[in-house]
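What follows is a set of notes on a single structure, which appears directly below.
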Amino acid sequence: LPGIAPLALLRRFFASEANLRYFFGGDQRQYFPLARRMLADTPDDLLRRGARLATGYFSGAPLPCRVAAIHGGRDRIMAPPPVENCTVVADAGHGLVMSHAAPVTDMLRREVALIARAK
450 LPGIAPLALL
460 RRFFASEANL
470 RYFFGGDQRQ
480 YFPLARRMLA
490 DTPDDLLRRG
500 ARLATGYFSG
510 APLPCRVAAI
520 HGGRDRIMAP
530 PPVENCTVVA
540 DAGHGLVMSH
550 AAPVTDMLRR
560 EVALIARAK
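The opening position of the sequence shown corresponds to residue 450 in my numbering, with each subsequent residue numbered one higher.
Here it is in structure tokens:
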């Protein structure tokens, strides 16, 4: 998208009320101001790189190590990664780190414990 339209136009488009409701869910409105600030503060180059990552990071190549992921079941921006250890939080959208901190924290604690046991 950044190669198709100017970033300023894309920022306004993604920050619109309708798009934020679509991306995060209408029940997450309290996070919309933060999402808008984050979008406004994100450097242009990071937006370009993020767009490339979001549209093409599933290579299908075998992974050389164990990967753990957590994903919102209602995320409309990215699909869950095709990894064995992906926790899907059914009622979470794209901003699950903000809206569902407890499941994220639980998953991270489990992963840290696995790493500690492996040492």
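Glycine included, C-beta positions come from ideal geometry on N, C-alpha and C.
Based on Cα-Cα distance, which residue from the options lies nearest to residue i?
i	options	result
Glu518	Ala528, Asn534, Gly475	Contrary to the premise, residue 518 reads as Ala rather than Glu in this sequence. Ala518 has its Cα closest to that of Asn534, out of Ala528, Asn534, Gly475.
Leu457	Gln479, Phe473, Arg470, Asp494	Here the sequence assigns Ala to residue 457, which means Leu is not the residue at that position. Taking only the C-alpha atoms, the option nearest Ala457 is Asp494.
Cys407	Arg485, Leu483, Ile564	Since the first residue of the chain shown is 450 and the last is 568, residue 407 is not available in this structure.
Met547	Gly474, Pro511, Gly499, Ala567	Gly474
Val537	His549, His520, Ala528	His520
Val532	Gly544, Ala510, Ala550	Ala510
Does DSSP put residue i in a helix, in a strand, or in coil?
i	result
Ala464	coil
Val537	strand
Thr491	coil
Pro482	helix
Ala454	coil
Once the 5 residues before and after residue i are set aside, which same chain residues still bring their CB inside 7 Å of it?
i	result
Asp540	Gly522, Arg523
Met487	none
Arg485	Ala464
Using C-beta distances below 6 Å, list every residue in its chain close to residue i, excluding the 5 sequence neighbours before and after it, in chain order.
i	result
Phe481	Leu469
Pro530	Ala518
Asp476	none
With a CB to CB cut of under 8 Å and the five nearest residues on each side skipped, what residues in its chain are close to residue i?
i	result
Ala489	Arg460, Ala464
Met527	Ala503, His520, His543
Next on the checklist: To test your reading of the DSSP string, which unbroken alpha helix (DSSP H) runs of 4 or more residues are found completely within the region 509-567?
Outcome noted: The qualifying runs are 545-548, 550-567.
The region 495-506 in contact with the region 555-563 per 3-pair CB rule at 8 Å: The region 495-506 vs the region 555-563: no contact.
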